[in-house]
Amino acid sequence: MRRADYIGAKKGNREALRNLVRYQFRSNMHETDPIKIQECKDAAVRGLFNHMFYEASNMSDPLSRWTGIHD
1 MRRADYIGAK KGNREALRNL VRYQFRSNMH ETDPIKIQEC KDAAVRGLFN HMFYEASNMS
61 DPLSRWTGIH D
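Okay, so the sequence shown: first residue is 1 according to full-length UniProt numbering, each after it adds one.
Okay, structure coming up:
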């Protein structure tokens, strides 16, 4: 939820992102299958990692997204 707040504050769609995260958690709230629960956790971690990787790549070379030139 904190990451959704952070991203939403930067992009201006804070409430939409918070509602999306809430919806995902609430839709799986009554899940009891341990395998399905682990799949949900893995998907959440993967999403956080992908976003953090994206942000880190933008911070390391901010001009690359404007010029299209990558190392």
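Think of the CB as a built atom: it goes at the ideal place given N, C-alpha and C, for glycine as much as any other residue.
Own chain partners of Glu-31 with C-beta closer than 8 Å, once the 5 adjacent residues on each side are dropped: Your numbering for residue 31 matches position 31 in the sequence shown. Closer than 8 Å at Cβ, skipping near neighbours: Ile-37 and Cys-40.
Contact belief for Met-1 with Arg-18 at Cβ below 8 Å, rounded distance in angstroms: Taking the first residue of the sequence shown as 1, we reach residue 1 at position 1. Taking the first residue of the sequence shown as 1, we reach residue 18 at position 18. Indeed they touch by this definition, with Cβ atoms about 7 Å apart.
Where the alpha helix (DSSP H) containing Gly-8 begins and where it ends: What you label residue 8 is simply residue 8 of the sequence shown in a count that begins at 1. Run containing Gly-8: 2-11, per the alpha helix (DSSP H) assignment.
Reduced DSSP secondary structure (H/G/I, E/B, other) of Met-59: Here residue 59 refers to the residue found at position 59 when the sequence shown is read from its first residue. DSSP places Met-59 in helix when its eight states are reduced to three.
Euclidean distance between Cα positions of Glu-55 and Ile-35: Indexing the sequence shown from 1 puts residue 55 at position 55. Indexing the sequence shown from 1 puts residue 35 at position 35. Going from the Cα of Glu-55 to the Cα of Ile-35 covers about 30 Å.
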